[in-house]
Structures are given as C-alpha cells and as structure tokens.
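In my numbering, the protein residues as written are 15 to 401.
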C-alpha cells in the first residue's frame with residue numbers, strides 16, 4: 015500500500031515538474047516575442063498589422079499652465095486636458111514637421127512648428143495661454159504689502175552690507191567687529207555670499223574667495239572704464255563663482271569663459287538678467303531684447319552655448335522688462351505704448367504680444383505671485399492674472 019502511494023506521488027510530482035517546465039518555456043517564448051514589441055511601442059514605434067512591420071513614430075508632450083485646453087496637431091484635435099492639469103502626451107506621430115496648436119475659450123491660442131523624430135518624445139514646456147481680454151483689478155492688501163517689501167529690498171545696495179569702496183578706491187570688507195582692506199586701486203566690484211569680483215583701475219579682473227580670502231586673477235579683458243561703474247550680473251545659483259557677466263562703462267558685454275573674460279559683440283546694453291535656471295541671459299537694449307544662451311538648450315531647437323538671438327523688437331524704447339516667475343519662457347516689457355508679453359517658447363516673430371495697450375507708470379513681477387503681472391497707474395497698483 016505504501017509503495018503504491020509513493021508511486022502515485024512520484025507520478026504527480028513528475029507531471030508537475032513537466033507542467034512547470036512547459037509553462038516556463040511558454041512564458042519565455044511570449045516574453046521573447048512581445049518584449050521587443052513592447053519596447054518599440056514605448057519608444058514610439060507602432061506595429062502595423064496589415065503589413066506586419068514596425069513603423070517608426072515619435073511622440074509629443076505638452077505642458078500648459080492652464081487646465082482644460084485643446085491640443086491640436088496639424089489642425090486635428092489630439093487631446094483635451096483635464097480640469098486640474100494642462101499637460102498631455104500623445105504618441106503615434108509621424109516623423110517630420112508639424113504644427114502644434116493649443117486652444118481654450120476666452121484665451122489667445124498658442125502655436126509652434128516642431129520637428130518630430132522617430133523614437134523620441136518632443137517636449138513643449140511653458141505653454142502660456144493669455145486670457146482675452148487681459149483684465150486687471152486693484153491689488154489686495156497682501157499683494158500690496160508684497161510689492162512694497164520687494165521694491166524696498168531691490169532699492170537697497172546689496173554690496174553695502176559687507177563691502178564698500180572708500181574714497182581712496184580701497185575695497186573694505188566688514189565683519190561683526192572689524193573692517194579689513196581687501197584690495198586697493200579698485201574701480202568696481204560685486205559680491206555675493208561666496209565670492210567678490212572686482213576690477214582694478216588698470217583693468218584687471220579678479221575673484222576673491224570670501225572663505226579663505228584667496229584671489230584669482232582672471233586677466234585683463236579690455237574693459238572701457240570711465241567714472242561710470244561697471245555692472246555685474248550672475249545666476250541665482252552660482253556656488254562655484256564660475257558664471258558672471260559684466261557690462262563696462264560703455265555698456266559693452268563680457269562673459270567669463272575657460273580662457274577668461276571674453277567680450278561679446280552685442281552692442282549697447284541697457285540692462286541684463288539671468289533666467290532662474292541660469293541657462294539664459296536676457297540682454298535688454300533700447301528697442302530690442304536679445305537672448306544669449308549660457309548653457310546648451312536641452313529642448314528644440316537645441317541652441318548651443320553662446321548662441322545669441324533677437325527675441326523681441328519694439329518701435330519705441332523699452333522702459334522696463336522683467337521675467338515672469340511662472341517659468342523661464344516669458345518676459346513682460348513696458349514701453350510708452352503699453353505692456354507687452356514676449357513668449358520665447360513659441361517664438362516665430364519678434365513682435366511682442368500686447369497685453370495692455372495703454373500707458374502705465376510701472377510694471378512688476380513677484381516670485382510669491384508667479385501667475386500675476388502688477389502694473390501701476392498713477393499711485394495705485396493693479397494685478398492681472400494669467401491663469
């Protein structure tokens with residue numbers, strides 16, 4: 015009786031082993047067959063059942079700040095985003111040039127010509143649909159307080175907290191209990207938390223580390239120096255001190271490269287500032303705005319470092335220009351004709367988009383209210399919301 019039970023158990027175990035082995039081989043076969051297809055589909059390829067071939071396709075990702083938008087590809091609706099988000103992804107896009115259009119009721123539409131490549135998702139970030147008409151209302155007490163605080167902070171001399179230039183052209187550094195002469199014969203300087211850049215009256219550029227007081231001489235670039243001080247600009251995040259730009263007394267631009275300070279043939283510049291990520295440098299001229307790429311652009315059209323392009327032209331002088339804090343892709347500017355928006359991401363023409371076709375005294379943007387533009391009419395501040 016025991017031998018019979020043992021025999022039955024042996025037969026069952028043998029059958030289970032064969033079944034598991036057959037199942038294993040079957041699953042391996044399915045994986046080998048479907049794995050490449052799934053991988054190809056994930057990268058944009060589509061399997062055509064009629065021809066039994068893989069068609070090379072691409073994808074498009076769109077991120078709009080406004081929810082509930084329609085996304086069109088070559089005038090055909092592809093997706094309508096949800097009530098909480100304006101982002102969408104669609105695949106099965108044939109390689110080549112296409113026109114992307116983003117629409118929403120009571121908003122100006124947004125469009126851009128893109129090139130789709132096989133197995134690559136083309137990314138479109140920072141799509142901003144401007145409400146039509148763009149309305150403003152008087153600011154709330156909270157907004158007014160934030161504006162006053164920011165204006166007060168920007169009006170202060172940042173360098174005076176720890177460094178000054180005395181009447182003998184000596185750079186004086188201050189601590190809690192003492193003051194020390196850090197350099198002499200100085201023409202202009204700029205300081206942040208980690209470094210101090212200064213140009214002496216002979217035209218030499220130097221950088222001092224505030225931690226150990228070590229000084230690096232960065233060369234003699236050929237600054238034009240008059241009684242007017244040189245102006246400096248740097249990214250928000252500049253821990254290593256290797257990225258800074260300088261305007262000399264005649265408003266000529268110099269950038270810091272591996273070989274030292276290098277003059278850039280940009281003409282006369284009135285104002286300059288970086289994008290938040292430090293990749294873009296905006297150059298404000300009398301009647302135009304140029305963009306100088308300080309790092310390679312990772313999205314289309316993939317500009318390389320030090321590529322310079324005109325992104326806005328006006329018929330009257332630019333009085334003010336600010337970066338919108340919604341993203342790094344939009345500027346607002348003011349002329350005597352009104353207030354305008356510069357959309358860098360959808361740039362096809364250099365004519366700024368009119369927001370307010372009226373004279374205002376001042377414009378302002380705040381990082382604490384990134385979706386707002388503030389304008390001053392007389393002594394009263396007004397706020398306009400983009401989304």
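Don't be surprised by glycine CBs; every beta carbon is placed ideally from N, CA and C. Computed from a predicted structure; not experimentally measured.
Between residue 390 and residue 375, the C-beta spacing is below 7 Å.
In the same chain as residue 330, and ignoring 5 residues on each side of it, the C-beta atoms closer than 8 Å to its own belong to 301, 349, 350, 351, in chain order. Residue nearest to residue 82 within the set 33, 119, 232 is 119 (criterion: CA-CA distance). By the neighbour-count criterion, in which 16 or more other beta carbons inside 10 Å mark a residue as buried, residue 66 falls on the exposed side. Closest in alpha carbon position to residue 109, among 92, 74, 224, is 74. When the beta-carbon positions are compared, residue 268 and residue 279 stay at least 7 Å from each other. If the five residues before and after residue 242 are omitted, its C-beta is found closer than 6 Å to the C-beta atoms of 263, all from its own chain and listed in chain order.
When the beta-carbon positions are compared, residue 204 and residue 148 stay at least 7 Å from each other.
If you check the CB distance, residue 187 and residue 130 do not come in under 7 Å. Nearest Cα to residue 347 within the set 323, 332, 360, 357: 332.
Put simply, of 92, 86, 105, 366 the residue whose alpha carbon is nearest the alpha carbon of residue 70 is 105. When rounded, the separation of the alpha-carbon atoms in residue 122 and residue 146 is 6 Å. Pairing residue 192 with residue 202, the inter-Cα distance amounts to about 22 Å. The C-beta separation of residue 113 from residue 102 comes to about 16 Å, leaving the pair out of contact by the 8 Å criterion.
Excluding five sequence positions before and after residue 89, the CB atoms of its chain that fall closer than 8 Å to its own CB belong to 113, 115, given in chain order. DSSP places residue 44 within a helical segment (H, G or I) once states are collapsed to three. DSSP places residue 315 outside both helix and strand once states are collapsed to three, so it counts as coil. Between the alpha carbons of residue 386 and residue 397 lies a gap of roughly 6 Å. With distances taken between CA atoms, residue 288 lies nearest to 306 out of 274, 306, 281. Shortest Cα-Cα distance from residue 197 to any of 214, 190, 168 involves 214. Residue 291 places its beta carbon 7 Å or farther from that of residue 230.
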